[in-house]
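Here the structure comes first, spelled out in structure tokens, and everything after it is commentary.
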Amino acid sequence: MFTERLRMLFTIVPGSGGSGPDHWQTLWEAELPVAVRIAPPSWDDHDPADWSRSLDVAADAHGSERAVLVAHSFGCLVAVDWAVRNSSRVAGLFLVAPPDRRGIARDMIAGLDHTDDIRLDVPAEVLISTDDPYCSSERALKLARAWRAVPRVLGALGHINASSGLGAWPDGRQMLDEFVITAAGRPAVRPSFRTSPPQSAS
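See below:
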């Protein structure tokens, strides 16, 4: 696949609880040439600072090389937040099924309430399900626009997790390969916040 030929590095950023053995992230991790999974102690407590430190550890494992962050669910919010402060270590963001933070308890997203207002200047793609129970497709499209990411609306795939019955999700892996071509050809630029006031959520 393209990812092997391009020798891209990957950081796997699962959602709540980590990705189980049947989750596409776990199956991809076994296939990708160089992939490091974050391992925060607070998998179920949603401590953003703890998850961010785990991303630091994963980035250190990659040395001086930039990596593509392959994130799912809550991990998308953490990945976007981390990329703001570590753009020189990010080759791109492949964001699958980001949740609507407004539906997450405030104590679980302390420090992530600004993620709606981030603009990314590294390549980014948001993969969207039309029947995601944690985020409407309209809300996900709004996030993609705010982040300056390319949206892909995939149809009714639930939360795009193991329960979606995707297995190794070959279609998603093909999309990752296509994204890597974009990420490999573009230098990192520091992400920023929007200078204009954020739009009201709908």
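The sequence shown begins at 48 in my numbering and counts up one residue at a time. Cβ atoms here follow ideal geometry from the backbone N, Cα and C, with glycine treated the same way.
Exposed unless 16 or more other CB atoms sit within 10 angstroms - verdict on residue i
{"i": "G110", "result": "exposed"}
{"i": "R113", "result": "buried"}
{"i": "R186", "result": "buried"}
{"i": "V200", "result": "exposed"}
{"i": "A108", "result": "exposed"}
{"i": "G202", "result": "exposed"}
{"i": "G122", "result": "buried"}
{"i": "A77", "result": "exposed"}
Unbroken alpha helix (DSSP H) run spanning residue i, endpoints
{"i": "A231", "result": "217–231"}
{"i": "T73", "result": "71–78"}
{"i": "G122", "result": "121–132"}
{"i": "L188", "result": "184–194"}
{"i": "L102", "result": "95–108"}
Span of the beta strand (DSSP E), counted from its first residue to its last, around residue i
{"i": "V172", "result": "This sequence places Glu at residue 172; Val is not what is there. Segment 171–175, the beta strand (DSSP E) holding E172."}
{"i": "L167", "result": "Element bounds for L167: n/a, residue is neither H nor E."}
{"i": "R199", "result": "197–200"}
{"i": "G139", "result": "137–143"}
{"i": "A82", "result": "81–84"}
Rounded separation between residue i and residue j - CA only
{"i": "D94", "j": "L102", "result": "13 Å"}
{"i": "P146", "j": "I175", "result": "10 Å"}
{"i": "T229", "j": "G219", "result": "16 Å"}
{"i": "V131", "j": "G158", "result": "13 Å"}
{"i": "T177", "j": "V104", "result": "34 Å"}
{"i": "L79", "j": "D224", "result": "10 Å"}
{"i": "R84", "j": "P68", "result": "13 Å"}
{"i": "L190", "j": "D92", "result": "24 Å"}
{"i": "A82", "j": "Q221", "result": "17 Å"}
{"i": "A138", "j": "G232", "result": "9 Å"}
Own chain residues within Cβ distance below 8 Å of residue i, not counting five before or after
{"i": "S120", "result": "P61, G62, S63, V143, A144, P145, P146, Y181, H206, N208"}
{"i": "A106", "result": "T58, A114, N133, R136"}
{"i": "P87", "result": "D94, D97, W98, R100, S101"}
{"i": "D128", "result": "P95, S99, G158, L159, H161, T162, I165"}
{"i": "S183", "result": "D147"}
Same chain, Cβ closer than 7 Å to residue i, five either side skipped, listed in chain order
{"i": "Q72", "result": "I59, P61, S66, V117, H119"}
{"i": "W216", "result": "W71"}
{"i": "G150", "result": "Y181"}
Cβ pair residue i, residue j closer than 8 Å
{"i": "V173", "j": "M55", "result": "no"}
{"i": "R148", "j": "L124", "result": "yes"}
{"i": "A171", "j": "R192", "result": "no"}
{"i": "V169", "j": "L188", "result": "no"}
{"i": "L18", "j": "S210", "result": "Only positions 48 to 249 of the chain appear in the structure, and residue 18 is not among them; the question remains open."}
Residues near residue i in its chain [Cβ-Cβ closer than 6 Å; skip 5 each side]
{"i": "S243", "result": "Here S243 scores only 33 on pLDDT, less than 50, and its place in the model should not be relied on; the value that follows carries that caveat. The answer is none, since no qualifying residue turns up."}
{"i": "V197", "result": "E172"}
{"i": "W75", "result": "none"}
Cutoff 8 Å: residue i Cβ touching any chain C Cβ
{"i": "P170", "result": "Looking for chain C here will not work: only one protein chain is present."}
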